[in-house]
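Enquirer: Here the UniProt record's numbering is used: the first residue of the sequence shown is 1, the next is one more, and so on. All C-beta atoms, glycine included, are put in the ideal place defined by N, C-alpha and C. Sharing a structure with you now.
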Amino acid sequence: MGNVTSTVAAKFAFFPPEPASYEVFREGGGTGRLFFSGVSPDKNMEVHLIETRAGNKIVTAFWRHPFARFTLLYSHGNAADLGQMLELFIELRAHLRVNIMCYDYSGYGASSGKPSEFNTYYDIEAVYECLKREYGIMQEDIILYGQSVGSGPTLHLAARLPGLRGVVLHSAILSGIRVLYPVKLTFWFDIFKNIDRIRLVSCPVLVIHGTSDDIVDWSHGKRLWELAKEKFDPLWIKGGGHCNLETYPEYLKHLRKFINAMEKLSMTRLPPRQSNPPPSTMIEAKHNKCLRFGKK
Numbered sequence: 001m002g003n004v005t006s007t008v009a010a011k012f013a014f015f016p017p018e019p020a021s022y023e024v025f026r027e028g029g030g031t032g033r034l035f036f037s038g039v040s041p042d043k044n045m046e047v048h049l050i051e052t053r054a055g056n057k058i059v060t061a062f063w064r065h066p067f068a069r070f071t072l073l074y075s076h077g078n079a080a081d082l083g084q085m086l087e088l089f090i091e092l093r094a095h096l097r098v099n100i101m102c103y104d105y106s107g108y109g110a111s112s113g114k115p116s117e118f119n120t121y122y123d124i125e126a127v128y129e130c131l132k133r134e135y136g137i138m139q140e141d142i143i144l145y146g147q148s149v150g151s152g153p154t155l156h157l158a159a160r161l162p163g164l165r166g167v168v169l170h171s172a173i174l175s176g177i178r179v180l181y182p183v184k185l186t187f188w189f190d191i192f193k194n195i196d197r198i199r200l201v202s203c204p205v206l207v208i209h210g211t212s213d214d215i216v217d218w219s220h221g222k223r224l225w226e227l228a229k230e231k232f233d234p235l236w237i238k239g240g241g242h243c244n245l246e247t248y249p250e251y252l253k254h255l256r257k258f259i260n261a262m263e264k265l266s267m268t269r270l271p272p273r274q275s276n277p278p279p280s281t282m283i284e285a286k287h288n289k290c291l292r293f294g295k296k
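Now the structure itself:
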């Protein structure tokens with residue numbers, strides 16, 4: 001019964017784009033540096049292929065900012081892969097002055113394996129280890145960012161890392177079944193039990209949600225914010241849907257406010273700052289097909 005239930009849950013939770021929107025290839029054929037199709041070397045992005053505890057090899061991309069104080073570890077939404085998110089990552093890096101570490105879940109994009117709840121947990125654990133190993137970045141300098149279904153692996157890791165700088169939950173879910181049914185109890189076979197894990201997160205939490213989200217109701221975001229130990233001012237985007245919040249001007253403005261507040265909390269001396277960031281060019285959400293939970 002348990003295996004059947006888990007299989008059903010996985011089917012309504014994961015919709016990797018097919019075919020993948022990008023390819024990963026090596027310079028000079030087989031032994032050189034990894035490259036990402038559609039991204040030129042001058043974009044200051046480094047690609048890695050890392051192995052998870054489950055034995056899957058997942059694609060990660062590290063977007064470096066020369067004046068970054070923090071690194072955003074970004075877990076994207078469903079029905080998307082990294083190739084569809086490039087425009088957003090470039091925008092966030094420029095406007096927030098952060099490094100960005102993004103990755104594709106097992107079975108998404110050019111990552112091997114099959115998508116499942118536990119594979120997403122193994123995926124984000126491997127990405128975190130890569131940040132420590134390859135870049136010397138510790139949890140005190142990391143802000144976890146989980147969008148939609150990406151809130152699951154984000155809170156899984158956040159609950160295990162008491163020294164994190166912060167967490168951003170963007171159109172997040174309370175749990176998989178609660179997206180479909182307004183249940184009061186948490187069932188053992190439910191997936192992404194964020195309603196329980198949020199209570200274990202000790203760092204500041206920013207919640208962003210659209211008031212007109214017809215995929216994951218606004219009540220999910222409000223409840224997660226209520227349950228957070230260290231609440232940062234939430235951003236409720238009036239009229240915002242599930243996959244278009246980045247197009248609202250208050251989105252970047254509020255994220256900058258959060259980053260600035262996290263810098264003030266840090267005891268480390270800040271690096272030199274850039275001048276004012278360039279104006280946003282985010283006018284449509286074409287990059288971000290973020291989630292489907294069995295709903296059209």
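Is Arg26 helix, strand or coil when you go by DSSP?
Expert: Looking at Arg26 - three-state DSSP - the assignment turns out to be strand.
Enquirer: On the CB-based measure, 16 or more other CB atoms within 10 Å of its CB, does Phe187 come out buried or exposed?
Expert: It is exposed - the Cβ of Phe187 has fewer than 16 other Cβ atoms within 10 Å.
Enquirer: If you follow the beta strand (DSSP E) that Val167 is part of, which residue opens it and which one closes it?
Expert: Looking at the DSSP string, the run of the beta strand (DSSP E) that includes Val167 is 166-170.
Enquirer: Using the C-alpha atoms, what's the distance from Phe192 back to Val149?
Expert: Those two C-alpha atoms are separated by around 8 Å.
Enquirer: Looking only at its own chain, which residues have a Cβ that is under 7 Å from the Cβ of Val201, when we skip the five neighbours before and after it?
Expert: Excluding sequence neighbours, Val201 sits near Leu155, Ala158, Ala159, Val167, Ala228, Lys229.
Enquirer: Is it a yes or a no for the region 176-187 touching the region 203-214, going by three-plus beta-carbon pairs under 8 Å?
Expert: No, they do not touch.
Enquirer: Report the CB separation of Asn78 from Phe36 in whole angstroms; it is logged as a contact under 8 Å.
Expert: Between Phe36 and Asn78 the Cβ distance is about 21 Å, and since that is not below 8 Å, they are no contact.
Enquirer: Among all the DSSP beta bridges, which residues are the ones paired with Ile58?
Expert: Note: Ile58 sits in a beta bridge opposite Ile50.
Enquirer: Expressed to the nearest angstrom, what Euclidean distance is found between the alpha-carbon atoms of Leu82 and Ala61?
Expert: So the alpha carbons of these two residues sit roughly 9 Å apart.
Enquirer: Do you know how far the Cα of Leu131 is from the Cα of Phe189?
Expert: When rounded, the distance between both Cα atoms is 32 Å.
Enquirer: Run through the region 205-253 for me and flag every whole beta strand (DSSP E) of 3 or more residues, listed as ranges in chain order.
Expert: Segments of the beta strand (DSSP E) lying fully in the region 205-253: 235-237.
Enquirer: Can you grab the Cα-Cα spacing for the pair Pro41 / Leu34, in whole Å?
Expert: If I take the Cα positions, the gap works out to 10 Å.
Enquirer: For Gly239, I'd like the list of residues in its chain whose CB is within less than 6 Å of its CB, leaving aside the five on either flank, ordered along the chain.
Expert: Cβ neighbours of Gly239 beyond the five flanking positions: Ser212.
Enquirer: Which of the three DSSP states, helix, strand or coil, is assigned to Ser75?
Expert: If DSSP states are grouped into helix, strand and coil, Ser75 belongs with the strands.
Enquirer: Is Leu174 helix, strand or coil when you go by DSSP?
Expert: Coil, per DSSP.
Enquirer: How many Å lie between Pro234 and Glu250 at the Cα?
Expert: If I take the Cα positions, the gap works out to 12 Å.
Enquirer: Out of Ile208, Val98, Glu129, Glu27, which has the shortest C-alpha to C-alpha gap to Gly146?
Expert: The residue with the shortest Cα to Cα distance from Gly146 is Ile208.
Enquirer: CA-CA distance, Phe232 and Arg93?
Expert: If you take the alpha carbons of Phe232 and Arg93, they lie about 21 Å apart.
Enquirer: Determine the direct distance from the alpha carbon of Glu87 to that of Leu164, and round the result to whole angstroms.
Expert: Those two C-alpha atoms are separated by around 26 Å.
Enquirer: Just to confirm, is the Cβ distance from Pro153 to Tyr121 under 8 Å?
Expert: A contact, by the Cβ cut-off of 8 Å.
Enquirer: Mind checking whether Leu72 and Val127 have CB atoms under 8 Å apart?
Expert: Not a contact, by the Cβ cut-off of 8 Å.
Enquirer: Alpha carbon to alpha carbon, how far is Leu144 from Phe25? Give it in angstroms, no decimals.
Expert: Distance between the alpha carbons of Phe25 and Leu144: 28 Å.
Enquirer: Roughly how many angstroms lie between the CA atoms of Arg273 and Phe67, to the nearest whole one?
Expert: Low confidence applies to Arg273: its pLDDT is 45, below 50, so where it sits in the model is not reliable enough to give any reading.
Enquirer: Taking its Cβ as the centre, do 16 or more other Cβ atoms sit within 10 Å of Ser111, making it buried, or is it exposed?
Expert: It counts as buried.
Enquirer: Would you say Leu72 lies against chain D (beta-carbon separation less than 8 Å)?
Expert: Note that chain D does not occur in the displayed structure, where there is just one protein chain.
Enquirer: Quick check on Ser151: buried or exposed, where buried means 16 or more other Cβ atoms within 10 Å of its Cβ?
Expert: Ser151 comes out buried.
Enquirer: Quick check on the DSSP output: the alpha helix (DSSP H) that includes Ile90 runs from which residue to which?
Expert: That run of the alpha helix (DSSP H) goes 82-96.
Enquirer: Drop a sphere of 10 angstroms on the beta-carbon of Leu270, count the other beta-carbons inside from all chains shown, and report buried for 16 or more, exposed for fewer.
Expert: The predicted position of Leu270 is uncertain, since its pLDDT is 46 and thus under 50; no value can be drawn from it.
Enquirer: Can you tell me whether DSSP reads Val8 as helix, strand or coil?
Expert: Reliability fails at Val8, whose pLDDT of 45 lies under 50, so the model's placement of it is uncertain and the value that follows must be treated cautiously. Correct three-state label for Val8: helix.
Enquirer: Just to confirm my understanding: we take Arg197, look at its own chain, exclude 5 residues before and 5 after, and list those with CB closer than 8 Å. What are they?
Expert: So the qualifying residues of the chain are Leu155, His156, Ala158, Ala159.
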